[in-house]
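Visitor:
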Amino acid sequence: MKIRCPVCREWTTWEENPYKPFCSKRCKLIDLGAWASEEYRVPGKKEEEEDEEQKEADE
Ligand SMILES: [Zn+2]
Numbered sequence: 001m002k003i004r005c006p007v008c009r010e011w012t013t014w015e016e017n018p019y020k021p022f023c024s025k026r027c028k029l030i031d032l033g034a035w036a037s038e039e040y041r042v043p044g045k046k047e048e049e050e051d052e053e054q055k056e057a058d059e
């Protein structure tokens, strides 16, 4: 079965492919990296805001 890598659009095979649905480890990491950076952006910003609130409460 032939599939298309969702990252680079190259044709690859589903069988015997440890990185499916990606064509390579590189593409898998690119996809996971893009996903992870989206996840980190929001909580990181929220944490900063909470930090400032805490400082005000201490004083
Ligand atoms: Zn790829």
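Sequential numbering from 1 applies to the sequence shown in this note's numbering. Backbone N, C-alpha and C define an ideal beta-carbon position, used for all residues, glycine too. Quick caveat: nothing in here was measured; it's all calculated off a predicted structure.
1) Lysine 2 by DSSP, collapsed to three states: which one?
2) On the CB-based measure, 16 or more other CB atoms within 10 Å of its CB, does cysteine 8 come out buried or exposed?
3) Would tryptophan 14 and methionine 1 be called neighbours here (beta carbons separated by less than 8 Å)?
4) Expressed to the nearest angstrom, what Euclidean distance is found between the alpha-carbon atoms of proline 18 and tryptophan 35?
Guide: With the given structure in hand:
1) strand
2) Cysteine 8 should be labelled exposed.
3) With respect to the 8 Å criterion, tryptophan 14 and methionine 1 are classified as neighbours on the basis of their beta carbons.
4) 19 Å
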